[in-house]
Structures are given as C-alpha cells and as structure tokens.
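Sequences listed follow chains Z and F, in order.
The numbering of the first sequence is the working numbering, which starts it at 2 and goes up by one.
The numbering of the second sequence is the working numbering, which starts it at -12 and goes up by one.
These notes are about the structure you will find just below.
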Amino acid sequence: TMSRWNHVTEAPPDPILGVSVAFNADTAAEKVNLGIGAYRDENGKPWVLGCVKEAEKKITEQILSGKSNLEYLPVQGLQDFLDQTSKIILGADSAALKEKRVSVVQTLSGTGALRVAAEFLSIYNPGTVVYVSDPTWTNHISIFKKAGLEVRTYRYLTKTMSLDIDGLLEDLRAAPENSTFVLHTVAHNPSGVDPTPDQWKQIAEIVKAKNAIPVFDTAYQGYASGDLDKDAWSVRYFANELGIELLVTQSYSKNFGLYGERIGALNVVTKDAAAAGRIRSQLNGIIRPMYSSPQLQGARLVAAVISDPELYKLWDSELKLMAGRITAVRTALRDALIEISCPTPSSNYASWDHIVAQIGMFAYTGLEAKHVEILQSKWHIYCTKNGRFSMAGVNLKNAKYIAGAIKDALATAGPSAA
Amino acid sequence: HNLFVMSCPAAGTCSRWGSVPMAPADPILGVAVAFNADPSPKKINLGIGAYRTSEGKPLVLKCIRAAEQKIVSDPTLNKEYLPVQGFEPFLKQTAQVIFGADSPLVKEEKIAVVQTLSGTGALRVAAEFIALYCPGVVYISDPSWGNHHTIFRKAGLQTKTYRYLSPTMGLDIQGLLEDLSAAPVGSIFVLHTVAHNPTGVDPTRDQWKQIAEVCEARKAVIVFDTAYQGYASGDLDNDAWSLRYFAHEKKLELMVTQSYSKNFGLYGERIGALNIAVKDKATAVKIRSQLNGIIRPMYSNPQLHGARLVATVLADPALRKLWEKELKEMSNRIVDMRAALVGALGEIGCPPPGAKFSSWNHITSQIGMFAYTGLSEKQCDLLTSKHHVYCTRNGRFSMAGVNPSNVKYLAAAIKDVVVGPAKL
C-alpha cells in the first residue's frame, strides 16, 4: 500500500553543501575542496583553535568537578556570552551599549540569527521588502522567504569584479520606504568585494533617506583582516557614529572555528532603551516555539575565551594567523597563474588581481559553470558553479596544480561569457 | 502601510520599534524566575521540569561525565559542520532507541530521521513539514504542554483540543475517543508517548489500542511527542510501547519526536530527533531531503556537542548499561517521592483537593516528571505566597523538586491551603 506522503518529492541538493558531498565521494589523491567555506590549515586539514582547546578543557573540568551543570539556558541564551558578544561587534565603548539600547539573543550561528531577525521583521515591520545583493549567500533568500517576506536584489558587481557602487546606490534609492537592506559587514560572500569606507558612507545616506532597516550579516569579523575592530568598521559607523537603528547578526563559525557548535547572536540596536527590553521579550517569543532555548557548549566556549585575557590574546593571534594564510595563498594562486601565463577569465579582466583584491574566505574567480565542470571532472577540484573558490582550500602545495587546472579549463571551454 | 506606528517621545529618540509591546511572561519559565528571587530558606521549586537529586541539586549523569571526558580527550575530533540532518552515528542510534534495535522499520530504513534541538526543535520541524505536505487541524490534549499550541500555530496551522482528563484526574477515554472521532479525516493528532505533560496520566495499553483504531479510521497524521522515554518507568522499551504498537503492529505511518533533555539530563545541550516512519524506503529518503530543506533556512545544521555525548554513551556497552542504571535510579526516586508525599498527606490527615476526589492516590497513579494535583489556582497562589512553594498555577508539581527533607513541609503547606489556616 502507498504512503500518505507519496506526493513528497526529493529536494534538490543544496548547491553549496552538495559540493562537499561530491568531494567526499571522490577517491583521487590530488582532489582539492574549494567548496565549503571552512578554514583549512597549510596541509588542508580542519583546525581547532588553541584558545578553543584550552577553553574546552576548562569547561569540561568544571562539569566533572561539579562546578557547573547542564541545566537549561534562559531563552535568550548564556548571559556571559550575551554580555561579551555585543561588545565584540559594536565595540566596548559603543554608546548604544552603554545606554542599554541593544537587544541581544544567542542564536544558532549566523543562519539562526538571520531567521530570528526575519521572523521579527515579518511581525513588526510587516510588508517590508528585503533587498539582498546580487550575488549573495543563497541561503539569505530562503531564510527571508520562509518568514513570508518579499525578496529583491540590488546590483553589486561590475563585469570586472569590482563593486558596482552606482548600480547598488541606484537600486537602493529605488526601494520603497522602510525596506530592509541586507548588507555584508565585511568579506562579502561570495565575491569578497567590500565597499570602501567612502562607499559605506554613501550607502548610509540612502539608508537614512529611505528610512531603511539595515541587517548587517557578520560572518567574518576578525577572520577577514585579522583585526576585529577593522572588520567591524561598517556596522560601527552606522550604529555608533550615525545612530542608525539596525540589526546585526554574528557568526562565530569562522573566526572561532566553531562551525559545528552553531554559535552566534542577533543584536537589535535601537534609539530607545525601553524598546530594547521589549524587543528582547519578542525575540524570545520567536525562539521559544522554534527550539525553546539555545545550547550550552558553543556559548560557553566563546564566553570562556573572550573573558580570559590570556585566551583572548591567543584568539587574536590565531585570527591573524588564519587571515594571514588566506592572504598569502591569494597571492600564491595569482602568482602561479601569472607564472604559467594563464589567460584571464575573459576580456573583461585585465589581470587575475581581483583574487588578491578580494577579502575573506572566498575568491569570486570569474570562472563559469562550464569551467567548474572541467575542474571537477578532470582535475578533481571542487567548487560551486558560480566560480566561487573557498581560498581556505588553497595552500602552497596545491596552488600550482590549481593554476594549471584553471588554464586547462579556460583552454578547453573558452572564456567566460559575462 | 506599516501597522506599527512609530512613537516619538522627543525629536531624535524616535525608534521605529517604539510600539513593540512587551511579550507576556511565559508561565512555566516565570515560576523559576520568581523562585530564584525568593530569599526564604524553606522555598521549594516544583516549577520547572528538570530532575533534582534528593539533595535538591541538578544532576549530571555519570555516563555523561564519562562521555565528556572521552570527547575532550579525543585528539581526532574537530568542530566541522555536521550535515544538515545531523550526526550520522547519532541518527542511527536514536531511531533504534525509540523504535527498538530489532524494529523492521529501522532495518528496512523506512524512517526519515533528523537531529533536532531537543523536543521543541523536532516538533517545529514536524509542524513545518506538515504545513507543507499534509496541512490540517492539529488536535492537542486539554491540557497539554503550552508550547504545543504555539509551535503548530507558528507553522501556520490551526489547533484544537481533545478531552483528556476526567474530573477525578483519570483519563477521560470516552471524551478523548469522541473528540478524535469527530475530527476531520487527515487531521493531525498530537499524542504523548508516555508520562503525559502536565498530568502524568497515560492511557492503558487497551486504551492505546482504542486510540489507534480511531487514528486509523480518521487517517490521522500521528505525532508522538516523546520527552520521557526511560525516565518514566526506568525501562526504555516499556516507555515506548505506545508508538511501537502503532508502528509495528498496526503498521501506521507516524511521526515521533524525541528529547534527550530528561532521560540523559542534557537539558541545556538541546539534543533530540524527529523520526518519520513510512511505508517504504524511497519515501523516507524524499522526506528526509525535505526535512533538510526546512532545517537549512532555520539554522543550517545542528550542533555537535549534545549529539556526540548521546552517541558516545550509546556506542559504548558499559556506558549504555550505566545509563540504563541511572534511568532506573531517577525514575525510582520520583516514584518514591510520589509515595512519600501521599504518605505524608495521609499522616497529617490532609483531605483531598476537592469534592471530586476521594483520595490523593492520583499522585501515585500518575507517572513521570509531573503530578497534576488538582489544587486550584487560588490554592497554588497561596502555596507560593504563604509557604514559598513554587509550581505552575494549574496545580502541576514537578515531583523532581520533592525530596525526603522537604516532603513533610510540603504536605503541611498543602493541608494549609486545602483546609485553611490551622487553628491554634
């Protein structure tokens, strides 16, 4: 007899996660994973930060000695973590924090924060149209749609992989009043192309003029440049200098290497301290029917590191190490391409310098699906069809191999059309 | 037009969220807040449903301590993302725990399983799946865990109730069967696998058989909420009898949510699962892909630690045995305290809570974390304000908060609110 769910169809594989599945199935020794955005060390291995290992030992010791337990967290999360996390993103001297105008909840990393934000906006800013960059992280669109919001795009990239600031400003200017603008705080995913401070100022002008709600998605604070303050410049400018009300999501997946522990936060910065308290109660009202309260371990790890001066110092040095290695392999790949006289992806590109100009986890190479197909099937190099490379998968051992493969793919399939 | 007009007390201080109201306090969590604020040394917390030792302390199970030690000492473990569906070893084991290791459904891979944030997370994912693929009216027992209604409504579904309790705190099986039989075909029925929350009143096996008949006749979408497997009777198989009967003997397709909060004491690590048992493996595969499609825009993938803890215990025969021993210890302590409270009430001649009751025996016949005492809201308020005994206003006691040191004080407090102040 037939299942009552016979009508359920198989969902298409997630474009990003599907890459890892394919990579894992590949048995070739020379395979390279440039798919998922997770840091890898010089030998291509996952890396658990030293500060995290130390924190983990401390936390386990406290549980085993009976000093701490595994009871439910409050709906909003671990208080120590909450106190620290807003300071990390807004700066300890932020007026908004001092005046208690920030509502913060612990979330399941960035995705969880965005979903809670989306549900909050769908209730308290109903009808707001959400603008995301074209391109953006694909899950942005799914998340806001799930909350019942309309999603549109704003232009982001020129044909030569730089910021299309004119297109961006035009599209935001044309948005309705009270729209929501999803902005990448630093290290834009997937392009690695960020606005300059002057360009951020131009964006801020439009936000003010349209009374728009900025949602700053922060997945790479500290990971991008190695400097936590520098990487938070954009959101701090909006919140602290201009006093614009905004939402800012945080992920500790990359900058703490805590991918699987799902730890992040949603901060709502308001003009009104009383509103902040009420907003927090409503954020809790969204969390309670989603998963009741968040999990302990990730929050404890982050709180333990940030609140311990020695561990904080170690974290800071490990951030610089990761950011430094990524910067180094960008240069290594660009140089390897030059060495073998690899043509650029198309006549739009004068060079491969965009790989070095971009920042953060990803390089938006300018390669297309037809090249990606060859990279995968012939060279066992895996990345998403949009030509996005996770630079963490590149190291000094495989940079030349990758360069050779790119040259071959361009020779076989011709230049990119765009 | 924005429904929420911004309120501007003064120029420049106008928040776009000025009219966001304060959410009402959650009745269950509010009890813990009030308890913590009370300075009285006599205070008793019968509010939140978390196990306490006989010294009134939270408990981290020994098998969990061992698992924590193992995990922190294992240099091969990293912190990479789990797949959307969760930790593979955990997924295999969790289905076996609830359906039984020898379940044909498990062996034939006819169950779509995803790791979730404990029971709440499993229910929410289930609710969203139902809203997409088999929407209908959701029937929830009256009373039930309050969050049930909120969760299903958030997914856009309408909720109704089915009768559950008789006036003397037994199961109103006739009312239950009548209400479910009157539900539209294809409705969703939320059933408590064991240790009903908040009443502790469970159907007998014969009554479960009657309920299964109605579920089949109404072609209901069955959701078994399992928060107390092993915690209720100390026996994992015994506590899973209801859903196993439905799935294996009646061969009904059904959904089962699992929480490891109580039976593993992993409250704060938020670890559970959603199982959807179906007639064929291909459908299970498709369903699992859609469950992943629900999880991805919610939090991308679940967290490592809780899943590793459970999987570590279940994979190690010695730790598994230790777990089962600790389950019996927790369950036995609760059973003992039920008897102790009824005994203490009898010792001081405390009359039952109302005219409908002939005794306090409902406290010992109920099972699991909670006792649904039959005390009124007024009596509960007085218990709190006069005697510093904290419980939810529906007269629900978390029996884990009762211990040999406080049971006589508790009995005296109950007598005081039932009969009025003692005459000097």
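By construction, the Cβ of each residue, glycine as well, lies at the ideal position given by its N, Cα and C atoms.
None of these values were measured; they are calculated from a predicted model.
- Taking a Cβ-Cβ threshold of 9 angstroms, the residues of chain Z close to P45(F) are N70, L71 and E72, in chain order.
- Residue-level contact by beta carbon holds for D267(F) and chain Z, with a gap shorter than 8 angstroms.
- As computed with DSSP, A213(Z) is found in no beta bridge at all.
- With fewer than three CB-CB distances shorter than 8 angstroms, the segment 275 to 289 of chain F does not count as touching the segment 54 to 63 of chain F.
- The segment 225 to 239 of chain F and the segment 196 to 210 of chain F touch, with no fewer than 3 CB-CB distances between them shorter than 8 angstroms.
- Taking all protein chains shown into account, A400(F) has 16 or more neighbouring C-beta atoms within 10 Å of its C-beta and is therefore buried.
- Following the DSSP letters along the chain, one finds G17(F) inside the alpha helix (DSSP H) bounded by residues P14 to A24.
- Rounded to whole angstroms, G367(Z) and G168(Z) show a C-alpha spacing of 19 angstroms.
- At a Cβ-Cβ threshold of 8 angstroms, A214(F) and G388(F) do not count as neighbours.
- Straight-line measurement puts the Cα of I321(F) at about 16 angstroms from the Cα of W347(F).
- The beta carbon of A142(F) sits closer than 8 angstroms to those of R111, A114, E115, I117 and A118, all from its chain and outside the five residues before and after it, given in chain order.
- At a beta-carbon threshold of 9 angstroms, the residues of chain F lying near T112(Z) are R283, P284, M285, Y286, S287 and N288, ordered along the chain.
- In chain order, N65 and K66 make up the part of chain F whose C-beta sits under 7 angstroms from the C-beta of V49(Z).
- Annotation: T191(F) is outside any beta strand (DSSP E) and is labelled neither H nor E by DSSP.
- The secondary-structure analysis by DSSP pairs S134(Z) across a beta bridge with Y155(Z).
- The beta carbon of I403(Z) is closer than 7 angstroms to those of V33, L334, I382 and V395 in its chain, skipping five residues each way along the sequence.
- A straight-line Cα-Cα distance of about 10 angstroms links N179(Z) and A210(Z).
- DSSP places I209(F) within a strand segment (E or B) once states are collapsed to three.
- The Cβ of A37(F) sits closer than 8 angstroms to at least one Cβ of chain Z.
- With the criterion set as a beta carbon lying under 7 angstroms from some beta carbon of chain Z, the members of the segment 234 to 262 of chain F are E240, G252, L253, Y254, G255, E256 and R257, in sequence order.
- For the set L243(Z), P196(Z) and S308(Z), the Cα lying nearest the Cα of D232(Z) is the one of P196(Z).
- Look at Y396(F) here: in three-state DSSP terms it is helix.
- About 7 angstroms separates the Cβ atoms of L411(Z) and H372(Z), confirming a contact at the 8 angstroms cut-off.
- CA-to-CA, the gap between K97(F) and Q80(F) works out to about 15 angstroms.
- No Cβ-Cβ contact shorter than 8 angstroms links L164(Z) with V216(Z).
- Under the DSSP assignment, Y359(F) falls in the beta strand (DSSP E) whose first and last residues are F357 to Y359.
- Under the Cβ distance rule, D15(Z) counts among the residues neighbouring chain F, one pair being separated by less than 8 angstroms.
- Boundaries of the alpha helix (DSSP H) harbouring Y120(F): S105 to Y120, taken from the DSSP string.
- Contact between E319(Z) and G51(Z) holds, with the beta-carbon distance rounding to 6 angstroms and staying under 8 angstroms.
- Our two residues, A358(F) and F384(F), have alpha carbons roughly 5 angstroms apart in a direct line.
- Taken atom to atom, the span from the alpha-carbon of V9(Z) to that of K202(Z) is near 48 angstroms.
- At a cut-off of 8 angstroms between beta-carbon atoms, K343(F) makes no contact with chain Z.
- Per the DSSP secondary-structure output, S345(F) pairs with nothing in a beta bridge.
- In this structure, L170(Z) keeps its C-beta atom at 8 angstroms or more from the C-beta atom of A119(Z).
- The beta carbon of L376(Z) lies closer than 6 angstroms to those of I382, A406 and A410 in the same chain, with the five residues before and after it left out.
- In the structure shown, M156(F) falls within a coil segment according to DSSP collapsed to helix, strand and coil.
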